[in-house]
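Q: Before I ask anything, let me first share the structure, which is written out below as structure tokens.
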Amino acid sequence: MSPAVVFVWLAVLVQRGAFGEIFLLIGFKHFLNYLIDYNIIKQVSGKVTQSSLYGDAVPERAIDGNRASNWAENSCTHTQNDMSPWWRVDLLKTYNINTVTITNRKDCCPERINGAEIRVGNSLKDDGNSNPVCAEILSIPAGTSKTYDCKGMEGRYVNIVISRQKEYLTLCEVEITGQPSVTNIARGGKVTQSSLYGDAIPERAIDGNRASNWGENSCTHTQNQLNPWWRLDLLNKYYINTVTITNRKDCCPERINGAEIRIGNSLTDYGNTNPICTVISSIPAGTSTTYDCKGMEGQYINIVIPGRQEYLTLCEVEVTGQLTEANIARGGKVTQSSLYGDAIPERAIDGNRASNWAENSCTHTQNDMSPWWRVDLLKTYSINTVTITNRKDCCPERINGAEIRIGNSLTDYGNTNPICTVISSIPAGTSTTYNCKGMEGQYINIVIPGRQEYLTLCEVEVTGQLTGKTPSAELSHLKCPVLNSYR
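Now the structure itself:
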């Protein structure tokens, strides 16, 4: 069943699966869908909070599964008369949010909700109230429910905030539909395009935001040129499953008509001669269309409009796929010099390039002298590449000067093994691949030598081949027999 029909309700239910499992769900609008798909449902239970509390009107009332909208029914939340009051749900993992439905109070004051914003994203900056806007609520008639289309916006947090005014915020129910995000491998890539119109840089297409109105500053734009193109470098070769493109809403959706999606490993003609996945006939204004590329292999994904003079605008490009060369770090054992909070070293090999701290996918040491992180590959490999994803929301300069070291020694925790490279810098939220040219080793260390610093890694990916050699550390306990009587 398509994930699009997985309707998530923010009303916590407990159901028992056919095999006796207990599933904590943020319920299902269609229980039949639950019966069909219980075996693929993740355990979900939203956590809620709000800016303040009026009486006993706790934030949990908005997810109690009850649209009762009279105050006396004890099913509506209520803040104090705050400046910029807000309510937030933490979905505990990242979702593509389809819709948010809000039920307004019936017996009093329905106008209080006017001007509230629905915000969706992965940041807790300003308590989550600076995440991208899904919709502004003009009004909701007393005692009624209204649904807002968030068009697959990606986020772990959904906020409802009345910005820049002093007001009470009351919500009688909040319901959310969506599906867990599949890892979008485009997010850590490097992008370029044939030309630049204003400040509509190519990075806008991989910002994780499907906002499609030009004024939202999330769409790319080239000049009006012959054969305009946009290219994503995934930094490694992948088998590409799908490419999803979001088209501009407020103007000119027909410009995308006839564009080609090309995938391959060549940069001839900027990558525009690579094999074709599909030709885009059209994408309705402000919508997203997914194209099945059936495992085509490539490092580069191009979107090009061939044979005519045109502007190329992309409001989001999302890509799913798997590395063609296995990421051998995934099965390794990891450790680091110290632990900051719960940012364990395993986060760097969780297969997720998410680079905002709030997404819980980045490691973090204490402010150590010469902090380090190490993966034990369990056997000796010839290491081809090491790819590192840097933190996006803060402090990308901390990684500057870090060394990647590869070898079979655990002297000084592995930090004296030979150097593959020194990392000069990695731009915030991006991934950089380093070629280690077949260096041999069981251990890969990333260490910042000679200074006191925090070390944060949002993903470490390693490619290589087994050498068939046994590391010397494994042989150190073996002794040859002493032949005392030999003459």
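Each step along the sequence shown adds one to the number in the UniProt record's numbering, with nothing skipped, and position 9 is 9. Cβ atoms here follow ideal geometry from the backbone N, Cα and C, with glycine treated the same way. Since this is a predicted model, take the numbers as computed values, not measurements.
1) What is the DSSP secondary structure of T268, counted as helix, strand or coil?
2) Do A348 and T324 have their beta-carbon atoms positioned less than 8 Å apart in this structure?
3) With distance defined between alpha-carbon atoms, name the residue in R451, G450, N435 and S425 nearest to G457.
4) Going by alpha carbons, who is nearest to Y148 out of T99, I113, N184 and N104?
5) Hey, could you find the ends of the beta strand (DSSP E) E297 is sitting in?
6) Quick one: complete beta strand (DSSP E) runs, 3+ long, within the stretch 156-225?
7) Find the nearest neighbour of I160 within the set G198, V48 and N302, judged by alpha-carbon distance.
8) Looking at the secondary structure, which residues open and close the beta strand (DSSP E) in which V58 lies?
9) My parser needs the beta strand (DSSP E) runs of 3 or more residues fully inside the stretch 324-354; what are they?
10) Have a look at the DSSP bridge pairing and note the partners of S424.
11) Considering only residues of the same chain and omitting the five flanking positions on each side of N184, which have a CB-CB separation below 6 Å?
12) For P132 versus N209, is the C-beta spacing smaller than 8 Å?
13) Beta strand (DSSP E) containing K93: first to last residue?
14) Since D376 is in the beta strand (DSSP E), which residue starts that stretch and which ends it?
15) What does S145 pair with, by DSSP beta-bridge criteria?
16) Using only alpha-carbon positions, find the residue among V386, C109 and C395 that is nearest to V422.
17) Can you say whether M439 is buried or exposed, counting buried as having 16 or more other CB atoms within 10 angstroms of its CB?
18) Please say whether Y443 and N408 have beta carbons closer to each other than 8 Å?
19) Using a 10 Å radius around the Cβ and a threshold of 16 neighbouring Cβ atoms, would you call K437 buried or exposed?
20) Would a C-beta distance cut-off of 8 Å place V231 and T170 closer than the cut-off?
21) Helix, strand or coil: how does DSSP classify Y34 here?
22) Can you say whether L378 is buried or exposed, counting buried as having 16 or more other CB atoms within 10 angstroms of its CB?
23) Should G341 be labelled buried (16 or more other beta-carbon atoms within 10 Å of its own) or exposed?
24) For R231, which of helix, strand or coil comes out of DSSP?
25) Starting from the Cα of R112, find the closest Cα among S163, K93, Y95 and T94 and give me that residue.
26) Leaving out the 5 sequence neighbours to the left and right, which residues in its chain are closer than 6 Å to P110 when beta-carbon positions are compared?
27) Could you spell out where the beta strand (DSSP E) holding I113 opens and where it closes?
A: Result, derived from the coordinates:
1) helix
2) no
3) According to the sequence provided, residue 457 is Leu. The question's Gly does not apply to it. Residue S425 is the option with its Cα nearest to L457.
4) T99
5) S288 to V304
6) 173-180 and 190-193
7) V48
8) Segment: none, V58 is in no beta strand (DSSP E) and carries neither H nor E.
9) 333-336
10) Bridge partners of S424: none, in fact.
11) E318
12) yes
13) W86 to T103
14) W372 to T389
15) T103
16) V386
17) buried
18) yes
19) exposed
20) Note on residue identity: the sequence assigns Arg, not Val, to residue 231. No.
21) Legend: pLDDT at Y34 = 35, less than 50; position of this residue unreliable, value from coordinates given subsequently. The answer is helix: DSSP assigns Y34 an H, G or I state.
22) exposed
23) exposed
24) strand
25) S163
26) N104 and A142
27) Note, I113: premise wrong, no beta strand (DSSP E); not H, not E.
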